[in-house]
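Be aware that the sequence shown starts at -3, since it is given in this note's numbering, and climbs by one per residue.
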Amino acid sequence: MIEPPFDLSETDRLLTTTRAVRRRLDLERAVERSVILECVEIASQAPTGSNRQGWRWIVVDEPDLKKGLADLYRRGAMGYLTKARASAQDRGDAQTVRVFESTLVLADTMQDVPALVIPCIEAPTANRALPATAWSGLYGSIFPAIWSFQLALRSRGLGSTLTTLHLQHAQEAAELLGIPNGTMQAALLPVAYTIGTDFKPAARPPAETIVHWNHW
Ligand SMILES: Cc1cc2nc3c(=O)[nH]c(=O)nc-3n(C[C@H](O)[C@H](O)[C@H](O)COP(=O)(O)O)c2cc1C
């Protein structure tokens, strides 16, 4: 094998240990705006459909606005999360029970996280009925940047969780933050330094069980 252009042990560790962090967000340590800008700068290298580069990032670090967003998140989340936890318990699915336990902790503490980041995409046509390719193009032009942002955070000792449940109240969030029409919110990321940095790969199905060669 030729010499790879990166230190694979480090890049693979970054890619396999960037977890959804909820309980281990350090709520006491401030997050500098400069580190968020640095991570957005890196995320701006992500691909976008037709090279439109329509990302917009709203970083909320003002306490009243964080509280307003956290309330919207809880309104969107609590019913779903408590039901989902109960159904994982009924199935005896311990990994998913742990996930939903921690989602409930995050829901409780969302307003205390140092920064709440809402990645948006310019989407002037999103409120019309769109064909599947257009939705794919819209979401596909923001989610690669979101993941790059999360990886850049992780490599600097910060963590986040990709959340979407506030989007049930996206219009109210738009009014709270003055997000203009034609700009679509894609997610809400609580961002903080992490308590410790020793995250581990999660259990996932082996690649052979989810790959089909040539035919399904
Ligand atoms: C599209 C999407 C929506 C998600 N929404 C939420 C959410 O609203 N709240 C939350 O706490 N986690 C949310 N998550 C995080 C998942 O629960 C998490 O990625 C999954 O449990 C795997 O955890 P891990 O990344 O630590 O392995 C979301 C993830 C994705 C990809």
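Where a beta carbon is used, it is the ideal one built from N, C-alpha and C, also for glycine.
Examine ligand 1 and report whether any of its heavy atoms sits within less than 7 Å of the Cβ of residue i.
i    : result
V113 : no
L154 : no
T99  : yes
R19  : no
T159 : yes
R15  : yes
L68  : no
L102 : yes
A80  : no
Could you say which of the options lies nearest to residue i if we only look at CA atoms?
i    : options                   : result
P197 : R87, L10 and A148         : L10
Q147 : D3, I38, A119 and R87     : Contrary to the premise, residue 147 reads as Leu rather than Gln in this sequence. Of the candidates D3, I38, A119 and R87, the one whose C-alpha sits nearest the C-alpha of L147 is I38.
T105 : L185, L4 and S83          : L185
G192 : D8, D57 and R25           : R25
T121 : L134, L112, P115 and V113 : L134
D57  : C35, P201 and A111        : A111
A169 : A203, R70, I206 and V95   : R70
S30  : L163, R152 and L172       : R152
E6   : S46, S83, R150 and T190   : R150
L68  : T190, E171 and G136       : E171
Q107 : D89, A84 and L61          : L61
A183 : P176, N177 and L161       : L161
G72  : L126, V187 and A103       : A103
A42  : S98, V109, P140 and P127  : P140
Can you grab the Cα-Cα spacing for the pair residue i / residue j, in whole Å?
i    : j    : result
A119 : L65  : 22 Å
H208 : G174 : 46 Å
W131 : Q181 : 13 Å
T12  : T159 : 19 Å
Q49  : I138 : 9 Å
V36  : G155 : 14 Å
D86  : G75  : 17 Å
T157 : P201 : 22 Å
S46  : S40  : 14 Å
A199 : R15  : 12 Å
T78  : P0   : 46 Å
I117 : R20  : 29 Å
L100 : I114 : 20 Å
A166 : H211 : 40 Å
Looking only at DSSP bridge pairs, what is residue i linked to?
i    : result
C252 : Outside the displayed range of the chain (-3 to 212) lies residue 252, so it cannot be described from this structure.
A141 : Answer by DSSP bridge pairing: none, since A141 is not bridged.
D187 : The amino acid occupying residue 187 in the given sequence is Val; Asp does not appear at that position. According to DSSP, V187 bridges with A111 and S156.
A16  : S156
L21  : T190
For residue i, verify whether its CB is less than 7 Å away from any heavy atom of ligand 3.
i  : result
T7 : Annotation note on ligand 3: not contained in the displayed structure, which lists ligand 1 as its ligands.
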